[in-house]
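Here's the structure we're looking at; comments come further down.
Residue numbers (this note's numbering), protein chains in the order written: chain A, 1 to 263; chain B, 264 to 566.
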């Protein structure tokens, strides 16, 4: 399983590099090739505007990874910060912060992200903002729970009684113990942010034409499914392979780092 | 229970506040964004007045709450239809889809979970677990098109999309149901395995009950309790999943209404859809919680 995950990820990495090397142009229009089947010029066929599906797929995965990485880092930083404050101080602060996370959790799935992306207007930056506004909650919950229990560990209390300041306690004594659980969570979150990005792009709220994104490609693929079923199939299988690889990688990390999560 | 209820009220208030604020997050002038740059000044003034955007924000929020209390969501900017009418026509379709998906999820997930638990550690268990873990990670906009491709385009068994025939609901319901069944399979398996190692199961076996009696009458009753909570929580992703699924299959539910309103920049409709879906989810969760308390007497004492 570990090997499979690794192989898929390496495959995509090499594919992107090769694509860059050959300077595949994802926006090159070939009017003779509209919705053509895979052939020697367009290895995976062409889309509804005669653009190479392969080139667009490779550009799309780059964007996908960029969004997933940026959003994961920002949401993790926000969530960990809020979670640490809530878990460390407890009491009223904790109550208020957790009430806020409850409100965010009352919006099922990516509904809130859809709403934010809708009012902010389409585009890559707004998409990332929408995902960040809604994505920090799970980290905050996770960190808070951990911080609550870590706070009462002996080494933390020992440091406290020796006069360590609160920032020092958090940075030196609590954060390092959160490391592995956050790494695992972040790995799974890469996959879920990719799904969210593709969902929003699918709905037309994400990356805008003519730029390539997997969500938008899937939508076009569905639209032309009757005439060019290979389009949706290729994009669908690519997406599945990548999400599978990331989740398997997450499982592997979880077992290696011995983190117990609900997933 | 009272604490739980206060929490519920705060969450409802927060949901209302957040959806209310949505329209104020529109960069620049929301009226211009909604009507387009070519709109006349008079049209703009009318809409601004309609939406109450001239008033102080606190007043606007009060007004918003007051209108909602009278089941008034305002009207669509483009068609001028009262939004409550739109929701009344679209919401039942979504509910129908959600319930059928739930039914599919339960009828696949629970038997598969029981099967996997009974074969724990054997290859059958491994396959079921592997498939369910992977299936639950597959988003609706992946599964939907794949099912469409296989069953509608290649096999031609069901309509591709739309709502004309009764068979139209099958694919969207399967799309949502499969994801749910995967999660239920895992939860049932875990929960049943846990129960099977309990003392009272050993007692039941020791007193000579048949294995099927032990499973059905003793183990399952306890094992299926947590499923109530899972179903409640999953209703949320089901509701959110309907946004994508309805769009794929052109199913005229509230999710599609939401997407259409976003495309037309009809923000009052967007706002109302988000609110209705979120409130449904909160209510389902409250109901689940109460149901769980009824079903499991231990919870009452614990809190």
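In this text, a Cβ means the ideal position worked out from N, Cα and C, and glycines have one as well.
Whole-angstrom distance between residue j and residue i, CA atom to CA atom
i: residue 325 of chain B; j: residue 319 of chain B; result: 10 Å
i: residue 376 of chain B; j: residue 406 of chain B; result: 21 Å
i: residue 493 of chain B; j: residue 168 of chain A; result: 40 Å
i: residue 214 of chain A; j: residue 409 of chain B; result: 15 Å
i: residue 134 of chain A; j: residue 464 of chain B; result: 44 Å
i: residue 358 of chain B; j: residue 544 of chain B; result: 12 Å
i: residue 176 of chain A; j: residue 185 of chain A; result: 15 Å
i: residue 202 of chain A; j: residue 519 of chain B; result: 13 Å
i: residue 504 of chain B; j: residue 37 of chain A; result: 31 Å
i: residue 263 of chain A; j: residue 29 of chain A; result: In this predicted model, residue 263 of chain A has a pLDDT of only 38, less than 50, meaning its place in the structure is not dependable; the value taken from the coordinates is given anyway. Distance between the alpha carbons of residue 263 of chain A and residue 29 of chain A: 44 Å.
i: residue 132 of chain A; j: residue 470 of chain B; result: 57 Å
i: residue 490 of chain B; j: residue 170 of chain A; result: 37 Å
i: residue 401 of chain B; j: residue 474 of chain B; result: 36 Å
i: residue 423 of chain B; j: residue 101 of chain A; result: 39 Å
i: residue 150 of chain A; j: residue 144 of chain A; result: 10 Å
i: residue 137 of chain A; j: residue 323 of chain B; result: 28 Å
i: residue 180 of chain A; j: residue 191 of chain A; result: 18 Å
i: residue 269 of chain B; j: residue 513 of chain B; result: 39 Å
i: residue 99 of chain A; j: residue 271 of chain B; result: 10 Å
i: residue 462 of chain B; j: residue 556 of chain B; result: 23 Å
i: residue 74 of chain A; j: residue 81 of chain A; result: 11 Å
i: residue 396 of chain B; j: residue 537 of chain B; result: 29 Å
i: residue 453 of chain B; j: residue 380 of chain B; result: 7 Å
i: residue 459 of chain B; j: residue 70 of chain A; result: 45 Å
i: residue 455 of chain B; j: residue 554 of chain B; result: 20 Å
i: residue 378 of chain B; j: residue 414 of chain B; result: 27 Å
Chain A contact for residue i (CB, 8 Å cutoff)
i: residue 503 of chain B; result: yes
i: residue 289 of chain B; result: yes
i: residue 552 of chain B; result: no
i: residue 480 of chain B; result: no
i: residue 334 of chain B; result: no
i: residue 491 of chain B; result: no
i: residue 541 of chain B; result: yes
i: residue 375 of chain B; result: no
i: residue 566 of chain B; result: Confidence at residue 566 of chain B is low in this model, with a pLDDT of 44, below 50, so its placement is unreliable and no value can be given for it.
i: residue 411 of chain B; result: yes
Residue i at chain B interface by Cβ criterion, 8 Å
i: residue 64 of chain A; result: no
i: residue 199 of chain A; result: yes
i: residue 217 of chain A; result: no
i: residue 240 of chain A; result: yes
i: residue 46 of chain A; result: no
i: residue 262 of chain A; result: In this prediction, residue 262 of chain A has a pLDDT of 44, which is less than 50 and means its spatial position is unreliable; nothing more can be read from the coordinates.
i: residue 97 of chain A; result: no
i: residue 121 of chain A; result: yes
i: residue 265 of chain A; result: For residue 265 of chain A there is no data in the structure shown, the boundaries of chain A being 1 and 263.
i: residue 232 of chain A; result: yes
Rounded distance between the beta-carbons of residue j and residue i, thought under 8 Å
i: residue 84 of chain A; j: residue 174 of chain A; result: 7 Å
i: residue 58 of chain A; j: residue 16 of chain A; result: 5 Å
i: residue 467 of chain B; j: residue 477 of chain B; result: 5 Å
i: residue 369 of chain B; j: residue 447 of chain B; result: 6 Å
i: residue 232 of chain A; j: residue 412 of chain B; result: 6 Å
Check whether residue i and residue j have beta carbons under 8 Å apart
i: residue 333 of chain B; j: residue 527 of chain B; result: no
i: residue 237 of chain A; j: residue 198 of chain A; result: no
i: residue 103 of chain A; j: residue 281 of chain B; result: yes
i: residue 495 of chain B; j: residue 443 of chain B; result: no
i: residue 130 of chain A; j: residue 113 of chain A; result: yes
i: residue 44 of chain A; j: residue 34 of chain A; result: no
i: residue 56 of chain A; j: residue 212 of chain A; result: yes
i: residue 276 of chain B; j: residue 535 of chain B; result: no
i: residue 533 of chain B; j: residue 118 of chain A; result: yes
i: residue 297 of chain B; j: residue 310 of chain B; result: yes
i: residue 293 of chain B; j: residue 316 of chain B; result: yes
i: residue 439 of chain B; j: residue 501 of chain B; result: yes
i: residue 290 of chain B; j: residue 121 of chain A; result: yes
i: residue 206 of chain A; j: residue 127 of chain A; result: yes
i: residue 508 of chain B; j: residue 403 of chain B; result: yes
i: residue 187 of chain A; j: residue 250 of chain A; result: yes
i: residue 194 of chain A; j: residue 68 of chain A; result: yes
i: residue 111 of chain A; j: residue 541 of chain B; result: yes
i: residue 339 of chain B; j: residue 347 of chain B; result: no
i: residue 264 of chain A; j: residue 248 of chain A; result: The requested residue 264 of chain A does not occur in the structure, where chain A is confined to residues 1 to 263.
i: residue 430 of chain B; j: residue 421 of chain B; result: yes
i: residue 389 of chain B; j: residue 445 of chain B; result: no
i: residue 515 of chain B; j: residue 426 of chain B; result: yes
Residues that residue i bridges to, as DSSP identifies them
i: residue 28 of chain A; result: For residue 28 of chain A, which the question treats as bridged, DSSP gives no partner whatsoever.
i: residue 281 of chain A; result: No answer is possible for residue 281 of chain A: it lies beyond the span of chain A, which begins at 1 and ends at 263.
i: residue 345 of chain B; result: B:338
i: residue 52 of chain A; result: A:46
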